[in-house]
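Novice: Sequence positions in the sequence shown follow mature numbering (1 follows the signal peptide of the UniProt record, and there is no 0) and run -21 to -1, 1 to 233. Quick one: the structure is below, and I'll ask about it shortly.
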Amino acid sequence: SLALKCLISLSTVILLGLIVAYHTREVQLFVIDNGADDWRIAMTYERILYISLEMLVCAIHPIPGEYKFFWTARLAFSYTPSRAEADVDIILSIPMFLRLYLIARVMLLHSKLFTDASSRSIGALNKINFNTRFVMKTLMTICPGTVLLVFSISLWIIAAWTVRVCERYHDQQDVTSNFLGAMWLISITFLSIGYGDMVPHTYCGKGVCLLTGIMGAGCTALVVAVVARKLELTKAEKHVHNFMMDTQLTKRVR
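Right, here's the structure in full:
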């Protein structure tokens, strides 16, 4: 509706203002830490490109109003062309999931490793940069199962919703345009099963399934690594095991 789109536009403007304020604080901290005389020293080409890209990603949202375009696709199995009138909101709403990177920033800023002065001091002495990558590695070390479970379920729901949105204009049999059907398609693609009972028709749906398959292969490798690490003996268990083996060998020699 128009009211919902206006609220989305208002929240987007507020978000862009908060992002500008965040980067302003970052530049001020850089100037203070390095004793610079001018804030423009902190504005490197890399930082400017990063801020511009972040502003562009967060600025994409459905525009208030009704805008249509004709979407052409080729149906699977029959290979007959399909032409339907679709909303422009589809193109503008799917990229809004890119804003989920802000969750990683929130996790970083509220992490005890980032806010604790002693941890920051030890990290500075060991030349460790406290960034999102370090926090994610720490979480994967502390609770790898929980991280993988949350990531997999989130990816499953987001990919299923995206496939449903992409396929609803060209799915005449209401297979992949149904949310439960889309979740089934994403699950068998994520697990690299691929029964072939349902396939996407549009390039948008095919792209989502391709990314889902790649993510599924990566998550499978991570699960295998986590399980293998859990099955390994700890250092204390290895000492006990070696002691028991040495004791048995000593008894046999006697």
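All residues carry an ideal CB built from backbone N, CA and C; glycine is no exception. Remember, predicted model here, so these are calculated numbers, not experimental data.
1. With distances taken between CB atoms, is the gap from residue 205 to residue 55 smaller than 8 Å?
2. Between the C-alpha atoms of residue 226 and residue 123, what's the straight-line distance to the nearest angstrom?
3. When the Cβ atoms of the segment 62 to 74 are set against those of the segment 91 to 105, are three or more pairs found closer than 8 Å?
4. Identify every run of the alpha helix (DSSP H) within the segment 110 to 136, keeping only runs that are complete inside it and at least 4 residues long; order them along the chain.
5. Would you kindly check if the distance between the Cβ of residue 198 and the Cβ of residue 234 is under 8 Å?
6. Return yes when the Cβ of residue 165 is within less than 8 Å of the Cβ of residue 196, no when it is not.
7. Note down, in chain order, each residue of its chain lying with its Cβ closer than 6 Å to the Cβ of residue 36, except the 5 sequence neighbours on either side.
8. Buried or exposed: where does residue 156 fall if 16 or more other Cβ atoms within 10 Å of its Cβ makes it buried?
9. From residue -6 to residue -16, what distance separates their C-alpha atoms?
10. Taking C-alpha atoms, which residue in 180, 183 and 163 lies nearest to residue 174?
Specialist: The answer reads as follows:
1. Position 226 of the sequence shown holds residue 205. Position 76 of the sequence shown holds residue 55. It is not a contact, given that the beta carbons lie outside the stated cut-off.
2. Here residue 226 refers to the residue found at position 247 when the sequence shown is read from its first residue. Here residue 123 refers to the residue found at position 144 when the sequence shown is read from its first residue. Residue 226 and residue 123: Cα-Cα distance of roughly 36 Å.
3. no
4. 111 to 121
5. Here the chain has residues from -21 to 233 only, and residue 234 is not among them.
6. One-based indexing of the sequence shown puts residue 196 at position 217. One-based indexing of the sequence shown puts residue 165 at position 186. Cβ distance not < 8 Å, so residue 196 and residue 165 don't count as in contact.
7. Taking the sequence shown and counting its residues from 1, the one referred to as residue 36 is at position 57. Counting only Cβ-Cβ distances below 6 Å, and skipping sequence neighbours, we find 77.
8. For the purposes of this step, residue 156 is taken as residue 177 along the sequence shown, with counting starting at 1. Residue 156 comes out buried.
9. As a first step, residue -6 is located in the sequence shown; it is residue number 16 there, counting from the start. As a first step, residue -16 is located in the sequence shown; it is residue number 6 there, counting from the start. Straight-line Cα distance between these residues: approximately 15 Å.
10. Counting from one through the sequence shown, the residue named residue 174 turns up at place 195. When each option's Cα is compared against that of residue 174, the closest is 163.
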